[in-house]
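Trainee: Can you keep this structure in mind? I'll have questions shortly.
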Amino acid sequence: MSTVFEHPIRVYWEDTDAGGIVFYANYLKFFERARTEWLRALGIGQHALREETGGMFVVSETAVKYHRPAKLDDQLRVTAKLAEGGRASLVIAQQAWLSETLLCEGTIRIGWVDAATMKPARIPSSVLERLT
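Reading the sequence shown from the start, the letters are residues 4 to 135 in the numbering used here.
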């Protein structure tokens, strides 16, 4: 549906576990950072979006597959790409790469909610137009 966005992420001590590899849950943080920067690159600042529309994206579902570990000081390339678009939610396909080696991949469903009530709502047309 869309082009692949890439965001660099360096692995720090705080990202690793006692074995010296990236703690598995931290890939979700890496994916979150890449999604945020992807939206920003499309002109969608999440704070401004909330202020302007009264709505926001929230994660409603994740599926992650781990292939190989990342380690301290690795320079990762984390991607984000719109896989499915809808009126109330989107599925974002994401991957974490070390050079040409796929480390982790997953899909993240983000839904649109009214920020005040946290109830599901329709994604504003102006936002959908920038995403697709």
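For every residue, glycine included, the Cβ atom is placed at its ideal position computed from N, Cα and C.
Note that the structure is predicted; figures quoted are calculated from it, not measured.
In chain order, what residues of the same chain have a beta carbon less than 6 Å from the beta carbon of A86, not counting five sequence neighbours either side?
Mentor: V94, A96
Trainee: Could you tell me the distance, in whole angstroms, from the CA atom of R112 to the CA atom of V67?
Mentor: Here the alpha carbons of V67 and R112 stand approximately 12 Å from one another.
Trainee: Let's test the definition: count the other Cβ atoms within 10 Å of the Cβ of T6 and tell me whether it reaches 16, buried, or not, exposed.
Mentor: exposed
Trainee: Counting C-beta neighbours from all protein chains within 10 Å, is the total for A21 16 or more, i.e. buried, or is it exposed?
Mentor: Exposed: under 16 other Cβ atoms inside 10 Å.
Trainee: Among the candidates A83, V130, K122, K74, whose CA atom is the shortest distance from the CA of G89?
Mentor: V130
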